[in-house]
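Q:
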Amino acid sequence: MDDNIKYRELFFEETDEYLQKLNENLLLLEKDDQSPEILEEIFRSAHTLKGMAATMGYTAMTELTHRMENVLELFRKGKAQVTSEALTVIFHCLDQLSEIVEDLREENEPVYDMAKLFLELENLCAEAPEVQVIETPAVEESSLEEMPIGEIDASVIRSALEKGYLAYRITVLVNPNCMLKGARAYLVVNRLEQEGEIMGTLPQAEELEDGNFDKGFQLLYITKSRQEVVEESILNVAEIDGVVIHALTLEDLPQSPAVLAKPRGAVVTNLAETIKTETPAAVPVKEPKAEGPAGNKADSKVETKNGNGAHGSQSIRVDLSRLDSFMNLVSELVIYRTRLEEISQKQGNGEITEPLEQVARITSDLQDLVLKIRMQPVNVVFNRFPRMVRDLSQELGKDMELLIEGEETELDRTVVSELGEPLVHLLRNAADHGIETAEEREKKGKPAHGKIHLLAYQEGNSVVIKVSDDGQGIDPERIRESAERKGISTEGLDRGGLIQLIFNSGFSTNTEVTNISGRGVGMDVVKQKITSLGGSIEVLSQINVGTTFVIRLPLTLSIIQALMVHVGRETFALPLGFIEKVVALKEGDIKAAHSGEIYIHREKVIPVVRVSELLNIKAREGTQHIILVSIGGRPFGLVVDELMGQQEIVIKKLSGSLGKMKEYLGASILGNGDITLILDVGNLVQGKGETLE
């Protein structure tokens with residue numbers, strides 16, 4: 001088993017951050033290759049990655065980052081020119097490093113063939129053969145305060161010296177830019193304990209493990225190994241800048257009367273037994289290995305990146321499963337709060353009203369707090385796209401760039417984690433089918449340089465994400481022709497309605513399959529994914545001006561506002577985010593069309609879905625209501641029997657056969673204890689897009 005397992009999670013978190021930072025800074029470097037600040041930051045990131053990998057014992061990663069670092073040193077010293085070709089090699093290195101990290105995360109250990117990559121790096125180095133390989137700078141002797149020797153330690157050390165052992169006070173200096181100080185301290189201690197015993201450390205063992213020290217740390221060490229052997233063993237640990245070893249003699253030990261009066265025969269001959277019986281205060285540093293699974297401790301400790309423990313960063317690492325459990329408990333609290341409110345209203349008990357209002361207010365505050373804790377900035381997803389568009393630009397031979405705005409906008413982490421796939425498809429489509437080649441753009445009077453915009457912002461209780469390009473746009477007539485070839489009637493559809501057909505399953509106007517965005521699949525999957533997240537997507541386009549996809553998503557998927565309705569004897573919930581208007585139906589309002597029913601509202605033709613028929617429920621007699629909803633910018637009407645009012649509900653996932661039914665988004669427990677199903681509006685209206693006037 002990996003001796004560093006307790007540091008794996010921290011290693012992966014830090015590595016992901018540094019790889020992302022390298023990708024971002026290399027893209028900046030490609031735009032401004034004269035920036036010494038960017039070059040310096042790139043070099044430091046690569047150097048830290050190498051040190052982290054070496055500390056964890058990941059040989060392949062260490063070797064690759066070392067070779068990559070040599071090339072970056074050429075850039076930093078101006079010995080090699082920063083070209084697009086050279087940066088492409090570095091990007092390939094980052095791709096390989098990402099692959100290695102993922103394999104390590106999954107505990108796979110494949111053999112990597114990096115010969116071609118090494119050769120490309122060597123060719124870049126060959127352009128400046130006079131540059132020397134990077135060496136660790138010399139470090140001046142420690143200025144740390146000398147570690148004191150206590151009476152008990154002195155007694156044991158004295159006995160050890162008399163029996164032929166060697167004792168050292170060791171000062172270990174750690175690189176100030178080191179990100180895993182605790183891991184390096186652990187490796188040093190682990191190496192030393194193989195050949196001797198550590199009597200004590202400064203700082204104490206727990207702080208040492210957590211990396212709560214500045215320049216370095218000190219140890220009292222008893223061994224039979226010579227000083228130069230001990231020094232070499234410590235210096236073999238990555239990012240150790242220096243070692244100062246002082247060999248202890250009897251004169252260095254405190255001469256306490258209590259110690260002098262102690263009979264020498266009381267000291268046992270076996271050194272290990274001596275340490276165990278006479279040094280209860282000395283805690284072995286490696287003992288915490290037995291705490292439990294990796295990551296548990298790291299998930300809950302406060303980070304103190306400045307090493308002083310008291311005034312460090314106030315962030316805290318929390319296991320995501322604990323956060324989900326917290327959210328579930330708050331959701332249960334909301335459910336029972338609603339039930340209490342309903343019981344109070346029925347009984348008309350005035351004494352309980354005021355305390356219940358206080359409970360409701362506190363519950364709402366707690367709910368808001370846990371929702372904020374679950375929020376993540378969308379840059380978690382957005383940050384990987386500039387590199388992707390850069391690679392597509394080279395692959396397609398098109399001059400284009402990605403501009404990102406609003407990356408600090410926050411969404412529920414569940415939504416953020418599901419957002420990557422649809423955005424990747426939209427961006428690849430924009431690059432492949434939207435942006436023209438430089439020659440085509442110049443013929444149209446456009447700048448040769450194409451632009452793709454990715455924008456996010458909050459709008460009420462929703463987040464809007466726009467993906468737009470200044471390319472050739474979508475031709476509605478080509479869509480009409482393609483639709484008619486597929487047997488889809490387009491009669492009565494205006495320009496906007498025609499463009500929305502691209503979200504139909506298998507629909508495409510492209511006659512050529514490409515490796516970038518494929519053909520005939522994708523846009524329907526994008527819509528399904530967005531709809532499953534409780535959102536909507538619409539497209540706006542103008543020929544030779546460009547195309548914009550507008551995605552609207554709820555801030556959270558856990559607790560939502562819903563309209564409660566009756567269909568027959570059943571109660572259902574409809575997310576308010578989709579609802580535009582509710583109208584009481586009169587006789588003759590709904591008309592028959594050749595492919596279904598329609599409702600005319602403000603001269604707009606709206607396809608109608610009778611929820612009772614769709615779910616095989618017998619409808620009630622009497623006045624019905626039509627709920628006008630907007631899905632992907634297109635209006636639809638849902639016919640229900642009765643409106644029950646608006647309510648805050650908690651979404652619970654469905655399992656079993658119900659979980660496989662696309663009509664339902666989930667379930668919720670109402671204030672009276674009844675369970676109601678939440679309708680997936682997007683899937684309810686699917687297939688109704690071709691209903692005509």
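For the sequence shown, position 119 matches number 119 in UniProt numbering, and the numbering has no gaps at all.
The C-beta atom is built at its ideal place from N, Cα and C for all residues, glycine as well.
1. Pairing CB atoms from the region 594–610 with CB atoms from the region 645–656, are three or more of them under 8 Å?
2. How close, in whole Å, do the beta carbons of arginine 441 and glycine 450 come, if the pair is a contact with beta carbons under 8 Å?
3. State the Cα-Cα distance for the pair glycine 445 and phenylalanine 382, rounded to the nearest angstrom.
4. Label lysine 181 either buried or exposed according to how many other C-beta atoms from any shown protein chain fall within 10 Å of its C-beta, with 16 as the threshold for buried.
5. Using the DSSP secondary-structure output, state which residues sit across from tyrosine 18 in a beta bridge.
6. Note down, in chain order, each residue of its chain lying with its Cβ closer than 7 Å to the Cβ of valine 89, except the 5 sequence neighbours on either side.
7. Could you tell me how far apart the beta carbons of threonine 414 and tyrosine 457 are, in whole angstroms, since I believe they sit closer than 8 Å?
8. Over the uninterrupted beta strand (DSSP E) stretch that includes serine 630, give me the two end residues.
9. With burial defined as no fewer than 16 other Cβ atoms inside 10 Å of the residue's Cβ, what is the status of serine 417: buried or exposed?
10. Spatial neighbours of serine 655 within its chain, please: CB distance less than 8 Å, with the 5 preceding and 5 following residues excluded, ordered by chain position.
11. Counting only runs of 3+ residues fully inside the region 531–613, write out the beta strand (DSSP E) ranges in chain order.
12. May I ask you to report which of helix, strand or coil DSSP gives histidine 92?
13. Taking the beta strand (DSSP E) that lysine 116 belongs to, which residues open and close that run?
14. By DSSP, does residue 704 sit in helix, in strand, or in coil?
15. Take lysine 529 as the anchor and find which of Val583, Glu37 and Leu419 has the nearest alpha-carbon.
16. Taking 9 Å as the threshold (beta carbon to beta carbon), is glycine 211 in contact with chain C?
17. Near lysine 224, which residues of its chain fall below 8 Å by C-beta distance, leaving aside the five closest residues on each side in sequence?
18. Which residue's Cα is closest to the Cα of threonine 171: Glu17, Met327 and Ile240?
19. Can you give me the C-alpha to C-alpha distance between glutamate 63 and lysine 50, rounded to a whole angstrom?
20. Hey, would you say aspartate 680 sits closer than 9 Å to serine 462, going by beta carbons?
21. Could you check which residue in Phe118, Val378 and Ser668 has the C-alpha nearest to that of alanine 562?
22. Tell me whether the region 382–397 and the region 337–351 touch, counting them as touching only if at least three CB pairs, one residue from each stretch, are closer than 8 Å.
23. Straight-line CA distance for leucine 39 to aspartate 368?
24. What are the complete alpha helix (DSSP H) segments, minimum 4 residues, inside the region 205–254?
25. For proline 554, count neighbouring Cβ atoms within 10 angstroms of its own Cβ and tell me buried if that reaches 16, exposed if not.
26. Using 8 Å as the threshold, is the region 610–619 in touch with the region 631–641, meaning 3 or more CB pairs across them?
27. Where do the N-terminal and C-terminal ends of the beta strand (DSSP E) with alanine 667 fall, by residue?
28. DSSP state of lysine 79, grouped into three classes?
29. Going by alpha carbons, who is nearest to serine 558 out of Ile222, Met56, Ser35 and Asp324?
30. DSSP state of alanine 167, grouped into three classes?
31. DSSP state of leucine 493, grouped into three classes?
32. Taking just the CA atoms, how far does methionine 56 sit from alanine 185?
33. Are there three or more Cβ pairs, one per stretch, closer than 8 Å when the region 562–571 is compared with the region 584–594?
34. Quick one: what does DSSP say glycine 637 is sitting in, helix, strand or coil?
35. Can you say whether threonine 249 is buried or exposed, counting buried as having 16 or more other CB atoms within 10 angstroms of its CB?
36. Output needed for valine 565: all residues of its chain with C-beta closer than 7 Å, excluding positions within five of it in sequence on either side, in chain order.
A: Based on what the coordinates show:
1. no
2. Residue numbering aside, residue 441 sits at position 441 when the sequence shown is read from its first letter. Residue numbering aside, residue 450 sits at position 450 when the sequence shown is read from its first letter. That belief holds up - the Cβ atoms of arginine 441 and glycine 450 are roughly 7 Å apart, short of 8 Å.
3. For the purposes of this step, residue 445 is taken as the residue at position 445 of the sequence shown. For the purposes of this step, residue 382 is taken as the residue at position 382 of the sequence shown. Distance between the alpha carbons of glycine 445 and phenylalanine 382 is about 31 Å.
4. Stepping through the sequence shown from its first residue, residue 181 is reached at position 181. Burial call: buried.
5. Looking up residue 18 in the sequence shown gives position 18. Beta-bridge pairing links tyrosine 18 to no other residue.
6. Here the question's residue 89 lines up with position 89 in the sequence shown. Glu120, Leu121 and Leu124, listed in sequence order.
7. In the sequence shown, counting from the first residue as 1, residue 414 sits at position 414. In the sequence shown, counting from the first residue as 1, residue 457 sits at position 457. In fact, because the Cβ distance is near 20 Å, the residues do not count as touching under 8 Å.
8. Residue numbering aside, residue 630 sits at position 630 when the sequence shown is read from its first letter. Its beta strand (DSSP E) spans residues 625–631.
9. Numbered from its first residue, the sequence shown carries residue 417 at position 417. It is exposed - the Cβ of serine 417 has fewer than 16 other Cβ atoms within 10 Å.
10. For the purposes of this step, residue 655 is taken as residue 655 along the sequence shown, with counting starting at 1. Taken in chain order, the list of residues that qualify is empty.
11. 536–542, 546–554, 559–567, 570–575, 579–584, 590–593, 596–601 and 604–610
12. Mapped onto the sequence shown, residue 92 falls at position 92. Helix, per DSSP.
13. Translated into positions along the sequence shown, residue 116 becomes position 116. Careful: lysine 116 lies outside any beta strand (DSSP E), inside the alpha helix (DSSP H) at 115–126.
14. Residue 704 falls outside the range modelled here, since the chain spans only 1 to 693, and no answer is possible.
15. Position 529 of the sequence shown, counted from the first residue, corresponds to residue 529. When each option's Cα is compared against that of lysine 529, the closest is Leu419.
16. In the structure shown, chain C does not exist; there is a single protein chain.
17. Sequence index remark: in the sequence shown, residue 224 carries index 224 (1-based). Correct list, in chain order: Gly164, Tyr165, Leu166, Glu195 and Gly196.
18. Sequence index remark: in the sequence shown, residue 171 carries index 171 (1-based). The shortest C-alpha separation from threonine 171 is found at Ile240.
19. The residue labelled residue 63 in the question sits at position 63 within the sequence shown. The residue labelled residue 50 in the question sits at position 50 within the sequence shown. It is roughly 8 Å from the alpha-carbon of glutamate 63 to the alpha-carbon of lysine 50.
20. In the sequence shown, residue 680 corresponds to position 680, counting from 1. In the sequence shown, residue 462 corresponds to position 462, counting from 1. In this structure, serine 462 does not lie closer than 9 Å to aspartate 680 by Cβ.
21. By 1-based counting over the sequence shown, the position of residue 562 is 562. Nearest option by C-alpha distance: Ser668.
22. no
23. Residue numbering aside, residue 39 sits at position 39 when the sequence shown is read from its first letter. Residue numbering aside, residue 368 sits at position 368 when the sequence shown is read from its first letter. Linking leucine 39 to aspartate 368 through their CA atoms gives a straight-line distance of about 42 Å.
24. Runs of the alpha helix (DSSP H) lying entirely within the region 205–254, each at least 4 residues long, are 205–209 and 227–235 in chain order.
25. Within the sequence shown, residue 554 is the residue found at index 554, counting from 1. Proline 554 is buried by the Cβ-count criterion.
26. Yes, the region 610–619 is in contact with the region 631–641.
27. Position 667 of the sequence shown, counted from the start, is the residue given in the question as residue 667. Here the beta strand (DSSP E) through alanine 667 covers 664–669.
28. Position 79 of the sequence shown, counted from the start, is the residue given in the question as residue 79. In the structure shown, the three-state DSSP call for lysine 79 is coil.
29. Position 558 of the sequence shown, counted from the first residue, corresponds to residue 558. Comparing Cα positions, the closest option is Asp324.
30. Sequence index remark: in the sequence shown, residue 167 carries index 167 (1-based). Note: alanine 167 maps to strand in three-state DSSP.
31. Residue mapping note: residue 493 aligns to position 493 of the sequence shown, counting from 1. The three-state reading of DSSP puts leucine 493 in coil, since its state is none of H, G, I, E or B.
32. Taking the first residue of the sequence shown as position 1, residue 185 is located at position 185. Taking the first residue of the sequence shown as position 1, residue 56 is located at position 56. Rounded to whole angstroms, alanine 185 to methionine 56 spans 12 Å at the Cα level.
33. no
34. Translated into positions along the sequence shown, residue 637 becomes position 637. Strand.
35. Here residue 249 corresponds to residue number 249 of the sequence shown, with the count starting at 1. That one is exposed.
36. Your numbering for residue 565 matches position 565 in the sequence shown. Within the same chain, valine 565 has close Cβ partners Phe572, Leu574, Val640, Glu642, Leu643 and Met644.
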